[in-house]
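Participant: Encoded as structure tokens, here's the structure I'll be asking about.
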Amino acid sequence: METNLFDRVFIGVVLFVAIHLAWMRFIEMYVPLGVATALSVLIIFAIIRWG
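So the mapping is simple: the numbering used here equals the position in the sequence shown, first residue as 1, plus 575.
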């Protein structure tokens, strides 16, 4: 399926929110939220770069 830049950014932002919500529910008591942010940013860059 072909995706354009907007599609990839949108998918990245949706995943960013989903990762943070899941992180706050299950993992935040063990690992700080900053780790989720760093992980999400890496995932967004990978999605935008390699689609």
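Where a beta carbon is used, it is the ideal one built from N, C-alpha and C, also for glycine.
Treat the numbers as computed from the prediction; the structure is a model and nothing was measured.
Are the stretch 601 to 612 and the stretch 576 to 588 in contact at 8 angstroms, needing three or more beta carbon pairs?
Facilitator: Short answer: they don't touch.
Participant: Based on Cα-Cα distance, which residue from Asp582, Ile619, Met604 lies nearest to alanine 593?
Facilitator: As a first step, residue 593 must be located in the sequence shown, where it is residue number 18. Measuring from the Cα of alanine 593, the nearest candidate turns out to be Ile619.
Participant: Rounding to the nearest angstrom, what Cα-Cα distance links phenylalanine 581 and valine 616 in this structure?
Facilitator: Taking the first residue of the sequence shown as position 1, residue 581 is located at position 6. Taking the first residue of the sequence shown as position 1, residue 616 is located at position 41. Whole-angstrom Cα-Cα distance: 16 angstroms.
Participant: Which two residues bound the contiguous alpha helix (DSSP H) that contains isoleucine 602?
Facilitator: Here residue 602 refers to the residue found at position 27 when the sequence shown is read from its first residue. Premise fails: isoleucine 602 is in no alpha helix (DSSP H) and is neither H nor E.
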